[in-house]
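**Student:** Note that full-length UniProt numbering numbers the sequence shown so that position 180 is 180, with each residue one more than the last.
All C-beta atoms in this analysis are idealised placements derived from N, C-alpha and C, irrespective of residue type, glycine included.
On a predicted model such as this, the values are computed, not experimentally measured, just so you know.
Sharing a structure with you now.
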Amino acid sequence: MKVLITGAAGFIGSHLCDRFLKEGFYVIGLDNFLTGSPDNIAHLFGEENFKFIKYDVTNYIYVPDDIDLVLHFACPASPVDYLQHPIHTMKVDSLGTLHTLGLAKAKKARYIFASTSEIYGDPQVHPQPETYWGNVNPIGPRSVYDEAKRFSEAMTMAYHREHHIDVRIVRIFNTYGPRMRLNDGRVVPNFISQALRGEDLTVYGDGSQTRSFCYIDDLVEGIFRVSVKEGIEGEVFNLGNPDEYRIIDFAKIIIEKTGSRSGIVFRPLPEDDPRQRCPDITKAKEVLGWEPKVSLDEGLENTIQYFKNKLKVL
Ligand code: NAD
Ligand code: UDP
Numbered sequence: 001m002k003v004l005i006t007g008a009a010g011f012i013g014s015h016l017c018d019r020f021l022k023e024g025f026y027v028i029g030l031d032n033f034l035t036g037s038p039d040n041i042a043h044l045f046g047e048e049n050f051k052f053i054k055y056d057v058t059n060y061i062y063v064p065d066d067i068d069l070v071l072h073f074a075c076p077a078s079p080v081d082y083l084q085h086p087i088h089t090m091k092v093d094s095l096g097t098l099h100t101l102g103l104a105k106a107k108k109a110r111y112i113f114a115s116t117s118e119i120y121g122d123p124q125v126h127p128q129p130e131t132y133w134g135n136v137n138p139i140g141p142r143s144v145y146d147e148a149k150r151f152s153e154a155m156t157m158a159y160h161r162e163h164h165i166d167v168r169i170v171r172i173f174n175t176y177g178p179r180m181r182l183n184d185g186r187v188v189p190n191f192i193s194q195a196l197r198g199e200d201l202t203v204y205g206d207g208s209q210t211r212s213f214c215y216i217d218d219l220v221e222g223i224f225r226v227s228v229k230e231g232i233e234g235e236v237f238n239l240g241n242p243d244e245y246r247i248i249d250f251a252k253i254i255i256e257k258t259g260s261r262s263g264i265v266f267r268p269l270p271e272d273d274p275r276q277r278c279p280d281i282t283k284a285k286e287v288l289g290w291e292p293k294v295s296l297d298e299g300l301e302n303t304i305q306y307f308k309n310k311l312k313v314l
């Protein structure tokens, strides 16, 4: 079986490459290194079943190989990254989605789209089930990400309905772990690197907004199950950890776990920052038999160790 993974040099994409190789797949990774790094996949170069192509998926994609499965994971995912690359973000989740769907159609491959909890916007339903349609500001700064993901979901379903492609959509909630960029701006790398450097942790707003944090290994397990299960064409799954934290409490947890003397400073809340976010994972539990297994304690332990090593080599 051959799988093509876009965004292969990114945080989630690189872990997916590892997992699919371990499962005996031949893996073709595509990435243009916009927010990813060759370091994340350096250990795979020279692997017989791994091929990497440096490529921008907003361009037409030609791959000579037969392909059984396409995973479209390329896209800046940190709010700081997508606000820095607003047009590229819209292109990678419109043109990039179109091209990867076209590739899946040409190769008669199954297609998995990496969507996000952001399609629920600032949710008015809590926790968020897959049946919730969301509350997105279409012209706010975050819309470049949210609306591109919503467009991509619609495009994915259109290919399913018109061309009968076997598609599946995963709506990923905040995921963390090794290989996140130290400076990618998301809350986990920010807080951990600030704590390790002895700098004050920057809480945006009053910190009462909530997020639920899923460890990368749990997420990858969920994505793998969605990818290989039969009989779930056209289905959408929330994948995330339903343990919900206020950001202010999360900052205190990071200070305690790192043994840091850092304090907390408050910074303005970014525009349209969702107030509450927590996945309803009933469907993933029932259909995939999946739920997160890694505790926040254990996940943070691994992530803090990874960032400590990174900071040592800087
Ligand atoms: P990331 O920034 O680490 O990885 C994205 C990768 O895509 C990078 O390696 C980047 O270089 C690559 N890329 C960007 N534009 C490209 C292009 N035009 N052509 C080829 N490659 C391109 O982010 P991540 O956290 O690994 O996110 C991966 C996917 O999962 C994204 O689609 C994101 O929207 C989705 N997602 C992630 C989270 C999360 O918590 N990490 C949550 C929801 C959704
Ligand atoms: N956040 C924060 N301090 C930081 C970075 C982020 O308080 O240094 C907050 C941010 O405002 C949001 C939450 O943490 O409420 C999660 O932010 P992140 O950028 O990780 O992802 P989001 O869930 O907003 O996409």
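Using the C-alpha atoms, what's the distance from residue 75 back to residue 189?
**Tutor:** Taking the straight line joining both Cα atoms gives about 18 Å.
**Student:** Which one or two residues does DSSP pair with residue 51 in a beta bridge?
**Tutor:** Residue 51 pairs with 28.
**Student:** Mark residue 191 as exposed unless 16 or more other C-beta atoms lie within 10 angstroms of its C-beta, in which case mark it buried.
**Tutor:** Buried: at least 16 other Cβ atoms inside 10 Å.
**Student:** Find out if the Cβ-Cβ distance for the pair residue 44, residue 3 is shorter than 8 Å.
**Tutor:** It is not a contact, given that the beta carbons lie outside the stated cut-off.
**Student:** Can you find the residues in the same chain that come closer than 6 Å, C-beta to C-beta, to residue 166, ignoring five residues on each side of it along the sequence?
**Tutor:** Cβ within range, chain order: 110, 233.
**Student:** In this structure, how does DSSP classify residue 8 when only helix, strand and coil are distinguished?
**Tutor:** DSSP places residue 8 in coil when its eight states are reduced to three.
**Student:** If I follow the unbroken alpha helix (DSSP H) through residue 142, where does it start and stop?
**Tutor:** Where residue 142 is concerned, there is no enclosing alpha helix (DSSP H), given that its DSSP letter is neither H nor E.
**Student:** Can you tell me where the beta strand (DSSP E) with residue 172 in it begins and where it stops?
**Tutor:** Note, residue 172: beta strand (DSSP E), 167-172.
**Student:** May I ask whether a heavy atom of the ligand NAD can be found less than 7 Å away from the beta carbon of residue 284?
**Tutor:** Outside the cutoff, so no.
**Student:** Go to residue 245, then tell me how far its beta strand (DSSP E) extends in each direction, as first and last residue.
**Tutor:** Per DSSP, residue 245 belongs to the beta strand (DSSP E) from 244-246.
**Student:** With residue 227 as the anchor, note down where its alpha helix (DSSP H) starts and where it stops.
**Tutor:** Per DSSP, residue 227 belongs to the alpha helix (DSSP H) from 216-228.
**Student:** I want to check one thing, is the minimum distance from the CB of residue 53 to the heavy atoms of the ligand NAD below 7 Å?
**Tutor:** Incorrect: residue 53 has no Cβ contact closer than 7 Å to the ligand NAD.
**Student:** When you compare each of 82, 138, 61 to residue 106 by their alpha carbons, which one comes out closest?
**Tutor:** Residue 106 has its Cα closest to that of 61, out of 82, 138, 61.
**Student:** Measure the beta-carbon distance from residue 144 to residue 82 and round it to whole angstroms, keeping in mind my assumption that it falls under 8 Å.
**Tutor:** The Cβ separation is near 6 Å, so the contact holds.
**Student:** What residue range does the beta strand (DSSP E) around residue 266 cover?
**Tutor:** Unbroken beta strand (DSSP E) run through residue 266: 264-267.
**Student:** May I ask you to list the residues that DSSP assigns as paired with residue 212?
**Tutor:** Its beta-bridge partners are 244.
**Student:** Since residue 261 is in the beta strand (DSSP E), which residue starts that stretch and which ends it?
**Tutor:** Premise fails: residue 261 is in no beta strand (DSSP E) and is neither H nor E.
**Student:** Throw me the rounded Cβ distance for the residue 241 and residue 217 pair, which I believe falls under 8 Å.
**Tutor:** No, residue 241 and residue 217 are not in contact; Cβ-Cβ is about 11 Å, not under 8 Å.
**Student:** Between residue 303 and residue 254, what straight-line distance do the alpha-carbon atoms span, to the nearest angstrom?
**Tutor:** When rounded, the distance between both Cα atoms is 11 Å.
**Student:** Out of 178, 236, 211, 222, which has the shortest C-alpha to C-alpha gap to residue 152?
**Tutor:** Among 178, 236, 211, 222, the Cα nearest to that of residue 152 is on 236.
**Student:** For residue 116, write down the residues that DSSP places opposite it in a beta bridge.
**Tutor:** Answer is 172.
**Student:** In whole angstroms, what is the alpha-carbon distance linking residue 310 and residue 198?
**Tutor:** Computed Cα separation, rounded: 16 Å.
**Student:** When you compare each of 258, 22, 41 to residue 13 by their alpha carbons, which one comes out closest?
**Tutor:** Taking only the C-alpha atoms, the option nearest residue 13 is 41.
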